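J.:
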Amino acid sequence: MTDAVNTPDNAAELPEEAAQRAADAEAAEGRKIDAQKAGARVGLTSDEIIINGGRPLQGRIEVRGAKNLATKAMVAALLGKSQSVLRNVPNISDVRVVAGLLALHGVLITRGEEPGEWRLDPSNVEMAHKADIDAHAGSSRIPILFCGPLLHRLGEAFIPDLGGCRIGDRPIDFHLDALREFGAVIEKLPSGISLTAPNGLKGANIELPYPSVGATEQVLLTAVLAEGQTELRNAAIEPEIMDLICILQKMGAIISMEPNRVIFIEGVEELRGYNHRAIADRNEAASWAAAALATKGDVFVGGIEQEEMMTFLNVFRKVGGDFDILDDGIRFYHPGGELKPVTIETDVHPGFMTDWQQPLVVALTQAQGVSTIHETVYENRFGFTDALNQMGANIVVHKNGLADESRRVKRREFEQAAVITGPTPLTGADIEVPDLRGGFSHLIAALTAEGQSKVSNLGIISRGYENFIEKLHLLGADFVYES
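FYI, in the working numbering the residues of the sequence shown are 782 to 1264.
Quick look at the structure:
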């Protein structure tokens, strides 16, 4: 089937969006969201989009809640004894995977009256007593965060092999080491990881070797109901972490922070549900901003706030882009003239996010001069540049960079630095999406390039970008979506 996207009436719909509509219909009737529909296959579709590039993106789009908060907030609902209400939830496949997992564990999920409102009732988790997580969870890395909540609720958990974007080792050792400190007994099996807590979970003193976002979330979700106090040092302090802490505090948790990445959690006996509006997705906002810059466009991103974007905004302006900050969002635009080269080092918050560098690299192919990106967070995150070079970019990837002893990637051999020489005109090509952020970067390249490009394997992009087909249409892109 081929759907030409020319008007809002015939805008194409991804299979994942059809699954979402089915789940919405069930919820509207007050029924439990079906686990298989909510956890529809993701990242496995052969969907593709044919883009006629060279047109500036112009218009307004909205971003909803952050993928990196909404999915974790849904897991946190497992800890409560009463219903939680999460608002501003994005319509993305990672959210549906988590919804499917929660449904399998006995959580009743229904829709609220406003768009993006989810109600999660965990009162039947013990009755369901499902410690195993369904195999379809392998398409997301969220399952590891179920460990602490399931140990508290059931006394056991089983986590399958983890999937997610293939952008490096992304080890879960930090998670497992922290859980052992709480008293969990862990057994690694060929099919996954088995966890038990024969003596319960107790507070611990934990220092992370690196301020990992996932490991920090694991500690928070486990410590809030552990007996005694937990001290977490070298914690991640991303805005999504702060929002998760706000959620846990609403549930009755006692959490305090000190300078230098130290978090104290005093365990409590019971938590209640929460009512919370998720912060906006700064990664999606940065991606559309980079698309505006690369295509010489003008895009207003509604729903995002300056505070969440300050580091990105500084770099955006250094490159030669401009922006206007309003109460309801930020306008990103190319003001004319040449873009300027920059040198960037990715880092944990408040540094420049690793998820921002891939979309920005496309814009830097149009900058006058030599730009350098040092990737210090993930291994092998420059694989997406092969397709850009195929389209005419001049990007050379090196194995030397800034991996000092404080970095997560210390003493590892991988492609760590990318040198981008521009400006280089891009021409259309056939591209297959490799991962979430790299895939969206390929969309930006296709939109920037002269001629026609075909981008396939679009299901991966739907993991983290809500209704991106519709948003491309709203911004005036010339394309045909095929499924």
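In this text, a Cβ means the ideal position worked out from N, Cα and C, and glycines have one as well.
Note that this is a predicted model, so its numbers are computed, not measured.
How would you label residue 1107, buried or exposed, when you count the other beta carbons within 10 angstroms and need 16 or more for buried?
T.: It is exposed - the Cβ of residue 1107 has fewer than 16 other Cβ atoms within 10 Å.
J.: Please work out which residues of its chain come closer than 8 Å, Cβ to Cβ, to residue 1149, disregarding the five sequence neighbours upstream and downstream, and give them in chain order.
T.: Contacts found: 1119, 1120, 1121, 1122, 1203, 1204.
J.: Quick test of the definition: if touching needs 3 or more C-beta pairs under 8 Å, does the region 975 to 986 touch the region 833 to 844?
T.: No: fewer than three Cβ pairs fall under 8 Å.
J.: Which residues in the same chain as residue 1210 place their Cβ atom closer than 6 Å to its Cβ, once the five residues preceding and following it in sequence are excluded?
T.: Same-chain partners within the cutoff: 1171, 1172, 1234.
J.: Does residue 911 come out as helix, strand or coil in the three-state DSSP assignment?
T.: Correct three-state label for residue 911: coil.
J.: Looking at residue 1116 and residue 1225, is the spacing between their C-beta atoms short of 8 Å?
T.: Cβ distance not < 8 Å, so residue 1225 and residue 1116 don't count as in contact.
J.: Quick check on DSSP: helix, strand or coil for residue 1233?
T.: Strand, per DSSP.
J.: CA-CA distance, residue 982 and residue 1000?
T.: Approximately 12 Å, taken between the alpha carbons.
J.: Comparing C-alpha positions only, which one of 1142, 956, 1056 sits nearest to residue 1097?
T.: The candidate whose alpha carbon is nearest that of residue 1097 is 1142.
J.: Given a cut-off of 8 Å, decide if residue 1047 and residue 1028 are closer than it, judged by their beta-carbon atoms.
T.: Cβ atoms of residue 1028 and residue 1047: not closer than 8 Å.
J.: From residue 1105 to residue 933, what does the alpha carbon distance come to, in whole angstroms?
T.: Whole-angstrom Cα-Cα distance: 47 Å.
J.: Between the beta-carbon of residue 1208 and the beta-carbon of residue 1174, is there less than 8 Å?
T.: No, the pair does not count as a contact, with Cβ atoms beyond the cut-off.
J.: To which residues of the same chain is residue 817 closer than 6 Å at the C-beta, ignoring the five residues directly before and after it?
T.: Because the pLDDT of residue 817 is 42, which lies under 50, any placement of that residue in the model is unreliable, and the question is left without a value.
J.: Can you tell me where the beta strand (DSSP E) with residue 894 in it begins and where it stops?
T.: It is not in any beta strand (DSSP E) - residue 894 carries neither H nor E in the DSSP assignment.
J.: Is the CB-CB distance between residue 1061 and residue 846 below 8 Å?
T.: Yes.
J.: Would you give the residue range spanned by the beta strand (DSSP E) that residue 833 belongs to?
T.: Run containing residue 833: 829 to 833, per the beta strand (DSSP E) assignment.
J.: Residue 1255 by DSSP, collapsed to three states: which one?
T.: DSSP places residue 1255 in helix when its eight states are reduced to three.
J.: May I have the straight-line CA-CA distance separating residue 893 from residue 1248, to the nearest angstrom?
T.: One C-alpha to the other measures close to 20 Å.
J.: Look at residue 1090 and residue 1058 and say whether their C-beta atoms are less than 8 Å apart.
T.: The answer is no: Cβ separation not under 8 Å.
J.: Quick check on residue 1102: buried or exposed, where buried means 16 or more other Cβ atoms within 10 Å of its Cβ?
T.: It is buried - the Cβ of residue 1102 has at least 16 other Cβ atoms within 10 Å.
J.: Nearest to residue 851 by CA position, among 837, 875, 859, is which residue?
T.: Residue 851 has its Cα closest to that of 875, out of 837, 875, 859.
J.: What distance in whole Å lies between the Cβ atoms of residue 924 and residue 941, which are believed to be in contact at a cut-off of 8 Å?
T.: Correct: roughly 7 Å between the Cβ atoms.
J.: Opposite residue 1103 in the DSSP bridges: which residues?
T.: Paired residues: 1114.
J.: Answer with buried or exposed for residue 862, where buried requires no fewer than 16 other C-beta atoms within 10 angstroms of its C-beta.
T.: Exposed, by the Cβ-count rule.
J.: Tell me the DSSP bridge mates of residue 1202?
T.: Answer is 1151, 1175, bridged to residue 1202.
J.: Around the Cβ of residue 1037, are there at least 16 other Cβ atoms within 10 angstroms (buried) or fewer (exposed)?
T.: Classification of residue 1037: exposed, given that the 10 Å Cβ count is below 16.
J.: Please tell me whether residue 1214 and residue 1236 are closer than 8 Å, where the distance is taken between their beta carbons.
T.: Cβ atoms of residue 1214 and residue 1236: closer than 8 Å.
J.: If residue 1243 sits next to residue 1165, beta carbons under 8 Å apart, how far is it from one beta carbon to the other, in whole angstroms?
T.: That belief does not hold up - the Cβ atoms of residue 1243 and residue 1165 are roughly 17 Å apart, past 8 Å.
J.: Pull up the distance between the alpha-carbon of residue 1014 and that of residue 1044, whole angstroms please.
T.: If you take the alpha carbons of residue 1014 and residue 1044, they lie about 7 Å apart.
J.: So, using beta-carbon positions, are residue 1003 and residue 960 closer together than 8 Å?
T.: Yes; because the gap between Cβ atoms is below 8 Å, this pair is in contact.
J.: Residue 1126 by DSSP, collapsed to three states: which one?
T.: Looking at residue 1126 - three-state DSSP - the assignment turns out to be strand.
J.: Using only alpha-carbon positions, find the residue among 1017, 836, 877, 1246 that is nearest to residue 998.
T.: Residue 1017 is the option with its Cα nearest to residue 998.
J.: Can you give me the Cβ contacts of residue 1179 inside the same chain, cut-off strictly under 6 Å, excluding the 5 residues immediately before and after it?
T.: Excluding positions up to five away in sequence, the list reads 1198.
J.: Given residue 1256, which residues of its chain have a CB within under 7 Å of its CB, disregarding the five upstream and five downstream residues?
T.: So the list reads 838, 839, 840, 842, 1080, once near-sequence residues are dropped.
J.: If we require 4 or more residues per run, which alpha helix (DSSP H) segments fall completely within the region 1041 to 1109?
T.: You should have 1063 to 1075, 1091 to 1100.
J.: Is the beta carbon of residue 1019 closer than 8 Å to that of residue 1130?
T.: Closer than 8 Å, so yes.
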